[in-house]
Every structure is written in C-alpha cells, then in structure tokens.
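Some notes on the structure that comes next.
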Amino acid sequence: MASEERTKEIINEIRQALINYDEDGVGEWAKKALDEGVDPFIATMEGLADGMIEVGELYNKKEYFVPELLLCSDALYAGLDILRPAIKASGRQSEAKGSIVLGVVEGDVHDIGKNLIKMMFDVSGWTVYDLGKDVPLDKFVEEQLRTDSEIVGLSALMTTSMVAMQDIVKKLKEKNPNVRIMLGGAPITSEIADMYGADGYAESAGTAVDEAIKMIKMLKEEEMERK
1 MASEERTKEI INEIRQALIN YDEDGVGEWA KKALDEGVDP FIATMEGLAD
51 GMIEVGELYN KKEYFVPELL LCSDALYAGL DILRPAIKAS GRQSEAKGSI
101 VLGVVEGDVH DIGKNLIKMM FDVSGWTVYD LGKDVPLDKF VEEQLRTDSE
151 IVGLSALMTT SMVAMQDIVK KLKEKNPNVR IMLGGAPITS EIADMYGADG
201 YAESAGTAVD EAIKMIKMLK EEEMERK
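To convert, note that position 62 of the sequence shown is 62 in the working numbering; the numbers rise steadily by one, no gaps.
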C-alpha cells in the first residue's frame, strides 16, 4: 500500500502525463498506481478526471487546440483501459453511475465540447450513448427510448442550431416525462435552458457530471415521493 505522499506523487504524475498528452506515461503511471496499491478509483478521479478538466480549461483559453485534445483523449483512454477493470474488480463504483445519451443537434457539426463531456462521463463510470454530431430530433428520442437513459445531453455551438433544442426537449418530454435533459454549448445559458424546458445546464465539461448527478438524485426523490 502506497503512503499518502507516494499516492499524491503517483496521482500527480498521471495528471501531468495526461495534460502533456503522454499516452505511454499515463499507462506507465496507471500501472504503478495498481502495483503500489493506490485506489484505482482515486487514481481515476483525481488523476485522469482532474487532468481532463485542466485540459478543457487550456482549450477554453486557446492554449490547446483540436490536435492536443485528440492526443489527450488517447492518453485518457490509455489510463482508463488499465484502471477501469481494477475499479470493477474492487467492487467500487462511482455513486454517480448512470446512463446518458449525448449528441450535437442537427445543423451543427462542432463536437469538441461534446467529446470533452463524453470523456468526463466515461471517467466517472457512466454508460454513454454517443450519437455524434448533426443529430436529427427523432434520433435523440429513439435512442433515449431504446436505452432508457436517465439523462439526455444536447449540445450546440451555434445560435442557429441552438433553436432546435426546444423542439427536442418538448418531444423527449412527451415520450418520457421522467427523462432529465441537460443543455450545453457556447451560446447556452441557464436562462436559455430554463426557457427551452430543460432540467439543467452544463457550463463546462468539468461541471456536466455534477449537474447530471443532481438531476438523477432529484429524479429518485420524485420517484420515492410518488411511492
């Protein structure tokens, strides 16, 4: 079992390797984490997840661009491939575990933000159904009904494509009043999310999972009240 100081060192190395898009480095330090008895869940959340939040911030500040994001993504999944089986074997799962349908609305092909959010849900142990970009309204509805996912995440980067979100929210709620819908993207604000009838708003990739957890907790509380 690694000491507290050694655990912090290993987690920091995982995080820094990810930020530096060092795929081999992430893999090596993830293996060291397991070899030295570091909790794989802690290594995932404080190493990989925190690293991806920093990567998202670098992207927002225009210090990182699409090529760096893709390389960081490869590094992230190199670490997840090693740590996720260990988390499962330990019987420890994220309390946040749930399922989400994600997609960029029709007419919009900008999916970097959506991909960052997908990574954060992956890291947190969620089941993610990724529809990609330029997704027609009916596809969101079909996929939610097929998967019975608790959350649907809609993304748009342009104001012209953003307006389609209102129709998607309405159709989703008609088919399944209990589904929770989260909106995200550059033109989206909490006020717009409320106006469109959504249940939540992801200001960034770093806050998306927390927002989804809140929605699931509220859904479960409502179910308990109905019983």
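Glycine is no exception: its CB is placed at the ideal position from the N, C-alpha and C atoms. Here the structure is a predicted model, which means the values were calculated and not measured.
Below 8 Å on the Cβ atoms is my guess for alanine 75 versus valine 26; work out the distance and round it to an integer in Å.
About 5 Å separates the two Cβ atoms, so the contact holds.
Please determine if the region 76-85 and the region 158-174 are in contact, where contact requires at least 3 C-beta pairs separated by less than 8 Å.
Between the region 76-85 and the region 158-174, the count of C-beta pairs closer than 8 Å stays below three; the two stretches do not touch.
Beta-carbon proximity list for aspartate 199, same chain, < 6 Å, skipping 5 on both sides
Same-chain partners within the cutoff: Arg180, Ile181 and Met215.
According to DSSP, residues forming a beta bridge with leucine 183
As computed with DSSP, leucine 183 is found in a beta bridge with Leu154 and Tyr201.
Since leucine 83 sits in a beta bridge, which residues does DSSP pair it with?
None; leucine 83 has no bridge partner.
Span separating the alpha-carbon of valine 109 from that of lysine 133:
Each residue's Cα considered, the two are about 5 Å apart.
How far does the beta strand (DSSP E) with threonine 127 in it extend, from its first residue to its last?
Threonine 127 -> beta strand (DSSP E) spans 127-130.
Name the residue from Val128, Tyr201, Glu142 and Asp210 whose alpha carbon lies nearest to the alpha carbon of isoleucine 237.
Lying outside 1 to 227, the shown extent of the chain, residue 237 is not represented and no answer is given.
Cα-Cα separation, lysine 173 to glutamate 9
Lysine 173 and glutamate 9: Cα-Cα distance of roughly 47 Å.
Please report the distance separating the alpha-carbon of methionine 162 from that of isoleucine 188.
Straight-line Cα distance between these residues: approximately 8 Å.
Bridge partners - valine 105, DSSP secondary structure assignment
For valine 105, which the question treats as bridged, DSSP gives the partners Val135.
Roughly how many angstroms lie between the CA atoms of glutamate 4 and tryptophan 126, to the nearest whole one?
Approximately 28 Å, taken between the alpha carbons.
Mapping DSSP to helix, strand and coil, what is isoleucine 216?
Shown here, isoleucine 216 sits in a helix according to DSSP, grouped into three states.
Which residues in the same chain as serine 149 place their Cβ atom closer than 6 Å to its Cβ, once the five residues preceding and following it in sequence are excluded?
Its chain contains Ser99, Ile100 and Val101 as the residues whose beta carbon lies nearer than 6 Å to that of serine 149, once the 5 sequence neighbours on both sides are disregarded; these appear in chain order.
Where isoleucine 11 falls: helix, strand or coil (DSSP):
Helix.
Could you tell me whether the region 63-71 touches the region 33-49, where touching means 3 or more Cβ pairs closer than 8 Å?
In short, these stretches do not touch, since the Cβ pair count stays below three.
Output the distance between the C-alpha atoms of glutamate 23 and aspartate 130, rounded to the nearest integer angstrom.
Straight across, the Cα-Cα distance linking glutamate 23 with aspartate 130 is about 23 Å.
Please classify leucine 157 as buried or exposed, where buried requires at least 16 other C-beta atoms within 10 Å of its C-beta.
Around the beta carbon of leucine 157, 16 or more other beta carbons sit within 10 angstroms, so the residue counts as buried.
Are the beta-carbon atoms of valine 55 and leucine 69 separated by less than 8 Å?
Leucine 69 sits close to valine 55, with the two beta carbons spaced by under 8 Å.
In terms of alpha-carbon separation, which member of Met1, Asn20, Ala30 and Tyr21 lies closest to isoleucine 11?
Nearest in C-alpha terms to isoleucine 11, of all of Met1, Asn20, Ala30 and Tyr21, is Ala30.
Secondary structure of isoleucine 100, DSSP reduced to three states:
Reduced to three states, the DSSP call for isoleucine 100 is strand.
Is proline 67 helix, strand or coil by DSSP?
Note: proline 67 maps to helix in three-state DSSP.
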